[in-house]
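A short write-up of the structure that comes next.
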Amino acid sequence: MSLTPVVLPDADAVGASVAGVVLRRLDEAGDRPFLLGCPSGRSALPVYQSLARAARTGADLSSVVVVLMDDYLTGADDHPVRVDVDRSFSCVGFAQREILAPIERACASAGTTAPTEIWAPDPADPAAYDDRIAAAGGIDLFLLASGASDGHIAFNQPGTPRAAGTHVVRLGEATRRDNMGTFPEFTELSMVPTRGVTVGIDTIASLSREVAMLVCGEHKRDAFRRLVAADGYEPDWPATIVAECRDATIYADRAAASSWPSASLPS
């Protein structure tokens, strides 16, 4: 069944709206750990920034656990390891710098307790990540994003089987080119790692209670069209798994949705 998107004026409005959903779900969860599935990169930054602003005014984010989607790998093929957190393109480093650090500063200003926990998949035992998420009761809210040119979600490449769990993957050129725009350290394609570890398609669909797909910017127009038209998983555009997720919503800005004739755009 295809999804009707929520179309908002710009990326900041999308970020504020989705952050509001996070805060409401946090209130509903009470004191238990709240698993927030988090992509690194540009798409979810407005959400993270809105959460930091909410923390500055006293919102309690202490129970948030940042559950990362993926990370780049280095090392030998038979012994891959996550890239060092000090590298600009480390997803764990991104979570430390761009998600938790602003919230920590905001909580210090407000006199509240900041969240500290980051989960990331281990390339030496990818399946253990799915087991850990399942044992915790699943991801409460997974923030998702679609690759602009190939529809990758996390590092799942076109052609990824629907049943895929967390796994090590070799990254295609389209995904690597998309990610050059995210990390300033990448000034040429040869600098982008060719391997990653990623949650799988089934990890997202089966282990999430709710998902929010974020689609913002003119460069995401094709992604938006594919996602709103999908009524099930399409392997050539992996982000279409959103159509099979429980309690799924697509949040888009006007730039991404501008060519969709059914969009009810705000004035």
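Using my numbering, you'd call the opening residue of the sequence shown number 566 and step up by one each time.
Glycine included, every Cβ here is placed at the ideal spot set by N, Cα and C.
DSSP places glycine 737 outside any beta strand (DSSP E), giving it a letter other than H or E. The straight-line gap separating the alpha-carbon atoms of proline 691 and phenylalanine 720 is approximately 13 Å. Here aspartate 649 has Ser655 as same chain residues with Cβ atoms under 7 Å from its own Cβ, once five neighbours each way along the sequence are excluded.
Note: leucine 633 is bridge-paired with Cys603 in the DSSP secondary-structure output. Counting along the chain, no alpha helix (DSSP H) covers aspartate 575, and no H or E run does either. Taking 4 residues as the minimum length, the alpha helix (DSSP H) runs contained wholly in the stretch 657 to 738 are 666 to 675, 692 to 700, in order along the chain. If you draw a straight line from the Cα of glycine 595 to the Cα of glycine 585, it is about 16 Å long.
Excluding five sequence positions before and after alanine 728, the CB atoms of its chain that fall closer than 7 Å to its own CB belong to Asp767, given in chain order. Counting C-beta pairs closer than 8 Å gives fewer than three between the stretch 634 to 649 and the stretch 661 to 670, which falls short of the contact rule. Selection Ile769, Ser771, Phe751, Asp705 evaluated against arginine 597 yields Asp705 as nearest (Cα-Cα).
Judged by DSSP in its simplified three-state form, glycine 761 adopts strand.
The criterion of a C-beta distance shorter than 9 Å is not satisfied by isoleucine 668 and leucine 772.
The stretch 670 to 682 makes no contact with the stretch 774 to 786, as fewer than three CB pairs between them are under 8 Å.
With a cut-off of 8 Å on Cβ pairs, the stretch 610 to 626 is in contact with the stretch 574 to 593, counting three or more such pairs.
The beta carbons of alanine 788 and proline 570 sit about 12 Å from each other, so the pair does not count as a contact at 8 Å.
Under the DSSP assignment, leucine 779 falls in the beta strand (DSSP E) whose first and last residues are 776 to 780. Around leucine 591, the same chain offers Phe599 as residues with beta carbons nearer than 6 Å, after the five sequence neighbours per side are excluded.
For aspartate 796, no alpha helix (DSSP H) encloses it, and the DSSP letter there is neither H nor E.
Per the C-alpha coordinates, the member of Ser653, Ala804, Phe707, Thr763 positioned closest to alanine 689 is Thr763. Closest by C-alpha distance to leucine 616, out of Asp635, Gly658, Val583, is Val583. Cβ neighbours of alanine 710 within its own chain (closer than 8 Å, five residues either side excluded): Pro604, Gly606, Ser608, Ala609, Ile718, Met778, Leu779, Val780, Ala804. DSSP, reduced to helix, strand and coil, places valine 571 within a strand of the structure shown.
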